[in-house]
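Written below as structure tokens is the structure these notes are about.
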Amino acid sequence: MATLIRNAQVWDGTGAAPFAGDVLIEGDRIRQLQRGSGPRATGDLAVIDALGMTLMPGLVEGHAHLSFCGATKNTDLGDIPPEEHVIETLHNAKKLLDAGFTSAYSAASAKLRLDVVVRNEVNSGRSPGPRIRAASPEITVTGGLGDENRQHLMRDSFAIVADGPQGIVRAVRTCIREGVDNIKLNISGDDFVPAKGGMTVMREEEVRIACEVAHSYGRRVSSHSRAGNAVTRAVTCGVDVIYHCELADDEALDLLEAARDRVFVGPAIGLIHNTLYEAESFGITRAMAIDLGMQRCIESSQRTYEQMRKRGIRVVIGGDYGFAWTPQGTNARDIEHFVKIFGYSPSEALQCATRIGGELMGLPVGTVKEGQLADLLVVDGNPLQDVRVLQDSSRLKLIMKGGAAHKNTIAEAAAGRERRAA
Ligand SMILES: [Zn+2]
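Residue numbers (my numbering): 4 to 425.
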């Protein structure tokens with residue numbers, strides 16, 4: 004079955020200016036991309052008139068937590084029984100696709116097999132969801148971010164606690180045995196736990212051996228690295244995707260720039276923003292958020308990501324969506340944060356959400372080009388003028404993944420236009 008999308012304004016994800024064109028899709032791929040009026044509709048060809056709306060690549064969530072389902076604290080995620088947790092995670096996968104995210108690179112699964120089973124379920128075609136790169140839980144050292152145990156009380160969160168090279172090797176191999184695509188390491192902490200964001204608590208030999216083991220199985224490694232030292236350690240030990248990084252000093256930035264063809268970074272700014280401005284009704288006042296270091300984090304992120312942009316370091320969107328005040332499905336807000344907080348142009352921010360995300364996925368997605376997988380959106384509005392149009396799912400008239408429409412309301416849009424014209 005082939006589909007021809009005619010009369011579209013094509014933004015291809017590369018940063019080139021949009022152009023009027025047609026896209027021919029055969030099977031799961033983009034077969035032909037034509038400026039102006041393209042291939043004639045013949046035979047067994049479904050034709051979609053895009054009414055001059057924007058056609059662009061499906062969005063890529065670069066820091067997904069599909070199994071985070073409205074938590075207000077870390078132990079909430081440990082308290083959910085596994086059966087309910089699978090169902091919640093599957094629902095979240097659909098929410099992301101409904102919001103235009105056709106790919107999701109996971110930055111940690113709350114329990115070991117949640118990302119894995121949901122990835123497999125989506126890949127089987129039975130349940131809707133984005134393409135998923137499944138992550139391990141966050142591997143953390145005793146007393147690190149995610150270790151919620153106390154001497155008198157064992158509590159789960161989203162972490163696996165492991166210490167020393169031997170313990171880390173065992174944790175990494177176990178996660179790989181259970182089917183993850185990438186390993187998450189908490190190299191630094193966070194200001195709301197005893198291991199602070201400015202601390203680099205996972206030892207160099209632990210990080211190095213985790214990367215060696217993961218890479219020997221062909222898996223990727225990502226890290227939680229706030230402190231400058233934690234960024235430096237991640238780059239020098241071979242981590243592939245380095246999250247947060249707001250305290251990166253000149254040494255860390257130089258290393259990132261030198262490794263920019265190998266590594267990706269992601270600020271995960273959505274959670275910081277919402278904790279500061281939108282968490283009152285969950286009991287976190289502005290004063291509390293400032294006390295937790297959220298204001299400071301935004302300011303240091305602003306400084307650091309201006310440098311990231313200027314140095315051509317590949318940055319992906321994704322803001323820790325999945326907490327109570329960062330609901331799943333609102334992930335496109337990160338694109339606006341890149342523009343408003345970090346000073347990216349709309350085109351640059353949209354490339355972070357598409358082309359660069361595609362490179363992170365390691366799949367032929369994220370651009371509209373011949374031969375790429377047909378993961379496409381048709382949007383009523385111009386995201387290059389206002390990136391916020393992507394936050395309104397009613398404006399996503401077509402959501403296509405691998406050539407198959409997950410949603411298509413273009414006919415209704417056409418009928419609406421005719422009514423308005425009459
Ligand atoms: Zn995260």
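We put the CB at the ideal spot given by N, CA and C, even for glycine.
If you check the CB distance, residue 139 and residue 149 do not come in under 8 angstroms. In this model, residue 375 and residue 358 are separated by some 11 angstroms (Cα to Cα). The three-state reading of DSSP puts residue 388 in coil, since its state is none of H, G, I, E or B.
Residue 68 has its CB nearer than 7 angstroms to a heavy atom of ligand 1. With distances taken between CA atoms, residue 416 lies nearest to 54 out of 54, 112, 91.
Taken in chain order, the unbroken stretches of alpha helix (DSSP H) that lie wholly in the region 240-308 and span 4 residues or more are 253-261, 272-280, 289-294.
With contacts defined as CB atoms closer than 8 angstroms, residue 352 and residue 390 qualify as a contacting pair. For residue 33 against residue 372, the beta-carbon gap comes to about 7 angstroms, under 8 angstroms, which counts as contact.
With a cut-off of 7 angstroms, the C-beta of residue 323 is classified as near ligand 1, since at least one heavy atom of the ligand falls inside that distance. Boundaries of the beta strand (DSSP E) around residue 403: 399-404. Among the bridge pairs identified by DSSP, residue 59 is matched with 380. DSSP places residue 37 within a strand segment (E or B) once states are collapsed to three. With a cutoff of 7 angstroms, residue 335 does not count as near ligand 1, since its C-beta is closer than that to no heavy atom of the ligand. Inter-segment contact for the region 283-297 and the region 341-356 is absent: fewer than three beta-carbon pairs are separated by less than 8 angstroms. Counting only runs of 4 or more residues that sit fully inside the region 104-191, the alpha helix (DSSP H) segments are 117-126, 167-180, in chain order. Counted as a single uninterrupted DSSP element, the alpha helix (DSSP H) harbouring residue 219 occupies residues 207-219. The closest CA to that of residue 213, considering only 201, 230, 190, 194, is found on 190. In the displayed model, residue 75 falls within coil according to three-state DSSP, outside both helix and strand.
DSSP places residue 15 in the coil class of the three-state scheme, outside both helix and strand.
At least one heavy atom of ligand 1 is found less than 7 angstroms from the C-beta of residue 110. Placement of the Cβ of residue 107 at a distance of 7 angstroms or more from every heavy atom of ligand 1 is found. Judged by beta-carbon spacing, residue 39 lies beyond the 8 angstroms limit of residue 20, meaning their Cβ atoms are not closer than that value. With respect to the C-alpha of residue 72, the residue from 388, 326, 209 having the closest C-alpha is 326. With 16 or more other CB atoms across the displayed protein chains lying within 10 angstroms of its CB, residue 232 is buried.
Closest in alpha carbon position to residue 107, among 407, 392, 320, 354, is 320. Cβ-Cβ separation between residue 207 and residue 229: approximately 17 angstroms, too far for a contact (criterion under 8 angstroms). In the three-state reduction of the DSSP assignment, residue 95 falls in the helix class. If you check the C-beta of residue 327 against ligand 1, you find no heavy atom less than 7 angstroms away. Take the alpha-carbon of residue 225 and the one of residue 242: they are about 6 angstroms apart. Counting only the Cα atoms, residue 156 lies some 37 angstroms from residue 132.
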